[in-house]
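Below: one structure, written as structure tokens.
Below, the structure is given as structure tokens:
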């Protein structure tokens with residue numbers, strides 16, 4: 413199942429990436445990655461549970477205690493635009 | 026042709042934790058915008074979320090209460106989408122390995138009890154709030170408030186077992202009652218603590234196949250859910266009757282205009298690319314934890330209702346009203362525990378107590394501090410002992426709302442021990458007069474000495490507690 417131009421465009425759209433002339437390059441690079449992954453299919457993984465994490469850790473919790481949040485000025489220091497304590501963003505509905 | 030609807034509900038319940046799901050920001054509603062947010066919940070680069078233990082415990086509580094299966098192993102997943110209410114670009118949720126699978130919620134239908142199956146229950150974080158329409162929003166912009174980002178939610182997905190809007194409504198009422206009993210949600214619909222989306226399709230009645238479904242969102246009250254579903258079901262039937270096809274789409278309910286309309290949000294790509302969140306380690310829920318939570322579960326509302334009927338001999342109706350909220354049922358049981366017969370306690374709680382709660386718009390906790398169950402019990406006992414009449418007791422109760430003295434003290438202070446209630450005495454006088462038609466005739470014929478006889482009869486009936494002046498006047502008026 414080879415990657416097509418449509419696939420590249422769809423993935424770019426989902427990630428909100430604007431691609432110009434390099435689409436062809438991504439088609440071949442993505443195909444190389446998939447070919448590499450396809451080697452794994454030679455293994456019989458029928459009895460192996462899917463790996464979700466590689467760290468030998470489980471059940472890391474914090475207790476339910478509220479602490480003061482970050483001051484709003486700091487939180488918004490890098491925001492391109494703000495208004496009345498809100499982050500200002502391009503209109504999200506039509 | 027006759028149609029039937031097939032409805033499944035996705036309900037989001039905001040968990041009653043102090044802090045958010047993955048950071049220590051307060052989860053309280055109503056703060057100034059962006060004052061309860063931090064780099065973790067706003068998804069700044071390089072931060073690490075850490076799971077709130079309480080949120081997991083609450084989820085286990087819910088799973089056990091609906092008799093679902095708590096999964097021994099579950100994983101948090103990233104649900105990717107770009108929308109400005111979610112700065113991270115993904116929502117932390119659970120996908121292939123949710124916390125609970127299965128279970129049911131029972132509702133009452135015309136055809137008897139019906140179990141609505143639960144497909145799954147999982148934990149996820151809430152998104153932030155966008156403001157579009159207020160006057161202070163500049164043209165071409167939306168405003169983002171991150172306070173709600175990362176607030177813990179429980180998503181409860183039902184099986185498509187619901188057949189009409191009424192059942193959907195009743196399912197939600199039960200669900201809300203349950204999460205409030207469990208103490209995991211405040212149940213506040215106005216503040217969005219419970220939100221409901223529905224998947225709806227219609228099919229010819231009796232058919233086994235499913236029609237194309239639509240998703241209806243933005244139904245923020247029980248009433249809206251019922252009306253939105255009614256509107257969507259009739260819309261689908263109209264389309265099919267006209268020979269059209271149902272489009273699979275997401276619709277928003279507009280409560281003002283009472284119509285469902287396609288969502289206006291831009292660019293919702295339904296390609297969420299779920300994958301395990303590498304920042305959150307897997308969750309192994311051990312049996313000991315499950316059993317501990319189980320042992321701490323409160324008595325569930327429907328069990329309590331059955332017990333009120335079976336053990337306390339209350340009518341179904343009383344039991345339903347009293348158990349609708351846990352605090353009400355607790356209060357009632359405390360009154361009974363103070364030595365009052367259940368039916369008498371029920372009448373007072375359902376009548377006077379619930380009336381005051383409604384009138385003053387206060388919660389049971391606040392009321393309990395003013396009129397505790399022991400004080401109400403003392404008042405009811407005064408009635409039972411005949412110290413005061415029922416209607417006098419209601420007056421005493423009114424005093425108790427502002428006077429912390431004991432009912433007995435109030436009765437003494439206000440001289441209420443004798444019966445001075447005109448309506449009640451008038452009724453007794455009427456009884457006496459109708460029981461003695463011959464004496465009435467003789468009195469009217471001029472034998473006014475019989476007045477004393479009538480007063481004596483009233484006193485006998487009231488065991489001497491009637492106000493004699495009032496009785497005299499009433500008899501004169503009635504015979505005059």
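Residue numbers (my numbering), protein chains in the order written: chain V, 413 to 506; chain F, 26 to 505. We treat Cβ as the ideally placed atom computed from N, Cα and C, and that holds for glycine.
Rounding to the nearest angstrom, what Cα-Cα distance links residue i and residue j in this structure?
i	j	result
residue 46 (chain F)	residue 75 (chain F)	8 angstroms
residue 384 (chain F)	residue 373 (chain F)	15 angstroms
residue 93 (chain F)	residue 413 (chain F)	52 angstroms
residue 435 (chain F)	residue 428 (chain F)	8 angstroms
residue 124 (chain F)	residue 187 (chain F)	23 angstroms
residue 453 (chain V)	residue 464 (chain V)	18 angstroms
residue 50 (chain F)	residue 63 (chain F)	7 angstroms
residue 462 (chain V)	residue 58 (chain F)	41 angstroms
residue 261 (chain F)	residue 221 (chain F)	20 angstroms
residue 36 (chain F)	residue 349 (chain F)	20 angstroms
residue 322 (chain F)	residue 91 (chain F)	12 angstroms
residue 310 (chain F)	residue 137 (chain F)	36 angstroms
Measuring CB to CB, does residue i end up less than 8 angstroms from residue j?
i	j	result
residue 238 (chain F)	residue 224 (chain F)	yes
residue 206 (chain F)	residue 89 (chain F)	no
residue 155 (chain F)	residue 109 (chain F)	yes
residue 405 (chain F)	residue 370 (chain F)	yes
residue 116 (chain F)	residue 100 (chain F)	no
residue 453 (chain F)	residue 417 (chain F)	no
residue 270 (chain F)	residue 476 (chain V)	no
residue 504 (chain F)	residue 468 (chain F)	yes
residue 174 (chain F)	residue 39 (chain F)	no
residue 256 (chain F)	residue 34 (chain F)	no
residue 217 (chain F)	residue 245 (chain F)	yes
residue 474 (chain V)	residue 77 (chain F)	yes
residue 481 (chain V)	residue 42 (chain F)	no
residue 130 (chain F)	residue 141 (chain F)	yes
residue 346 (chain F)	residue 398 (chain F)	no
residue 149 (chain F)	residue 122 (chain F)	no
residue 425 (chain F)	residue 400 (chain F)	yes
residue 247 (chain F)	residue 176 (chain F)	no
residue 300 (chain F)	residue 56 (chain F)	no
Which word fits residue i, buried or exposed, when buried means at least 16 other C-beta atoms lie within 10 angstroms of its C-beta?
i	result
residue 168 (chain F)	buried
residue 440 (chain V)	exposed
residue 482 (chain F)	buried
residue 171 (chain F)	buried
residue 317 (chain F)	exposed
residue 180 (chain F)	buried
residue 232 (chain F)	exposed
residue 479 (chain F)	buried
residue 392 (chain F)	buried
residue 388 (chain F)	exposed
residue 183 (chain F)	buried
residue 227 (chain F)	buried
residue 253 (chain F)	buried
Strictly by DSSP, which residues pair up with residue i?
i	result
residue 501 (chain F)	Residue 501 (chain F) pairs with nothing; no bridge assigned.
residue 168 (chain F)	V:500, F:156
residue 229 (chain F)	F:28
residue 468 (chain F)	The partner list for residue 468 (chain F) (beta bridge, DSSP) is empty, contrary to what the question assumes.
residue 222 (chain F)	F:35
residue 8 (chain F)	Limits of chain F in this structure are 26 at one end and 505 at the other, which puts residue 8 (chain F) out of reach.
residue 147 (chain F)	F:180
residue 129 (chain F)	F:142
Does the beta carbon of residue i fall short of 7 angstroms from some heavy atom of the ligand ATP?
i	result
residue 476 (chain F)	No copy of the ligand ATP appears in this structure; indeed no ligand is present at all.
Between the stretch 30-45 of chain F and chain V, which residues of the former have a C-beta closer than 7 angstroms to a C-beta of the latter? 42, 43, 44
Residues of the stretch 489-501 of chain V with a CB closer than 7 angstroms to any CB of chain C: list them in chain order, please. The structure shown contains no chain C; its protein chains are V and F.
Give the residues from the stretch 469-488 of chain V that approach chain F closer than 8 angstroms (Cβ to any Cβ), ordered along the chain. Cβ proximity to chain F below 8 angstroms picks out 469, 470, 471, 472, 473, 474, 475, 476, 477, 478, 479, 481, 482, 484, 487, 488 from the stretch 469-488 of chain V.
Using a Cβ-Cβ cut-off of less than 9 angstroms, list which residues of the stretch 313-331 of chain F approach chain V; keep chain order. none
Contact residues within the stretch 120-138 of chain F, judged by C-beta distance below 7 angstroms to chain V: Along the stretch 120-138 of chain F, none of the residues has a CB nearer than 7 angstroms to a CB of chain V.
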